[in-house]
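One structure is given below, encoded as structure tokens.
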Amino acid sequence: MAKQVSPTRMELLRIKQKIKLAQKGHSLLKKKRDALMMRLFEIAKNMKEVRPQIQENIISGQESLIKAYAMAGPLEMKTIGDSAGAMPELNMTYESVGGVKLPKIELDSKNMGKIDYGVVMTSSSIDNSVDRFENIKKDLLSLIETEETIKRLASEIIKTKRRVNSLEHILIPELLKTQKDIKAKLEEAERENFFRLKIVKKKSEKKLKDINLKKNKPKE
1 MAKQVSPTRM
11 ELLRIKQKIK
21 LAQKGHSLLK
31 KKRDALMMRL
41 FEIAKNMKEV
51 RPQIQENIIS
61 GQESLIKAYA
71 MAGPLEMKTI
81 GDSAGAMPEL
91 NMTYESVGGV
101 KLPKIELDSK
111 NMGKIDYGVV
121 MTSSSIDNSV
131 DRFENIKKDL
141 LSLIETEETI
151 KRLASEIIKT
161 KRRVNSLEHI
171 LIPELLKTQK
181 DIKAKLEEAE
191 RENFFRLKIV
201 KKKSEKKLKD
211 INLKKNKPKE
């Protein structure tokens with residue numbers, strides 16, 4: 001239920017300012033919603049293309065690993081694995097888009113999974129397998145980053161749409177109705193004052209007329 005307000009010109013001015021502010025906020029929120037949706041569609045389209053590529057790379061990497069294992073044998077593969085570089089660290093940063101913090105994940109590329117060739121010699125099949133899985137690792141991190149970005153964008157879009165709908169279908173209509181009611185009551189009050197003044201004027205004119213008639217009445 002709409003809040004009862006005093007039908008005064010001061011209140012009417014306050015309601016007009018509220019309407020103006022609400023309409024401006026509604027316009028800005030719609031622009032924000034549209035911009036976020038465009039960004040979401042672009043990212044979703046890219047992810048649609050990335051997923052099949054990752055699956056293809058994983059299959060190709062497994063085939064390459066099997067081939068390398070068959071050629072080198074379990075002992076050499078273990079030695080190669082032990083000589084690989086340490087697990088790289090993740091660097092997490094954020095990009096602000098429409099007030100939404102979108103993650104950016106990067107790997108510390110120093111010696112990332114590289115084999116110490118001073119310790120062990122490897123065949124081209126093993127090198128190829130290592131390179132493939134390094135690329136898969138990067139692709140998976142990119143996919144995680146993309147999925148988290150989509151999740152955050154979708155959540156903010158839902159919140160923004162709710163605020164847009166609330167302004168468009170609840171707050172602004174209520175303010176417009178309140179403005180209309182105040183105007184109607186002020187107009188009614190003006191009409192009442194007009195008729196009251198008219199009646200007072202008629203009474204005054206009649207009283208003045210009676211006084212004049214009494215003054216001008218001839219003495220007997």
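In my numbering, the protein residues as written are 1 to 220. Where a beta carbon is used, it is the ideal one built from N, C-alpha and C, also for glycine. Quick caveat, the model's predicted, so the values are computed rather than measured.
Supposed close pair residue i, residue j - CB separation, criterion 8 Å
i      : j      : result
Arg152 : Leu102 : 6 Å
Leu141 : Ala22  : Not quite, the Cβ-Cβ distance comes to about 43 Å (not below 8 Å), so this is no contact.
Lys104 : Thr93  : 5 Å
Contact under 8 Å by Cβ, residue i with residue j
i      : j      : result
Arg33  : Thr160 : yes
Thr146 : Ile43  : yes
Val97  : Arg39  : yes
Arg14  : Leu186 : no
Ala72  : Ile136 : no
Ile157 : Met37  : yes
Ala68  : Ser129 : yes
Glu49  : Ile182 : no
Ile150 : His26  : no
Lys18  : Leu175 : yes
Leu107 : Leu90  : yes
Backbone secondary structure at residue i - three-state DSSP
i      : result
Glu187 : helix
Tyr117 : Caution applies to Tyr117, whose pLDDT of 49 falls short of 50 and renders its modelled position unreliable; the model cannot decide the point.
Pro52  : helix
Glu89  : coil
Ser6   : coil
Met1   : Its pLDDT being 38, under 50, Met1 is placed unreliably in this model, and the coordinates cannot settle the point.
**Asked** Okay, do the segment 183-200 and the segment 59-66 touch, 3+ Cβ pairs below 8 Å being the bar?
**Response** Put simply, the segment 183-200 does not touch the segment 59-66. Fewer than three CB pairs are less than 8 Å apart.
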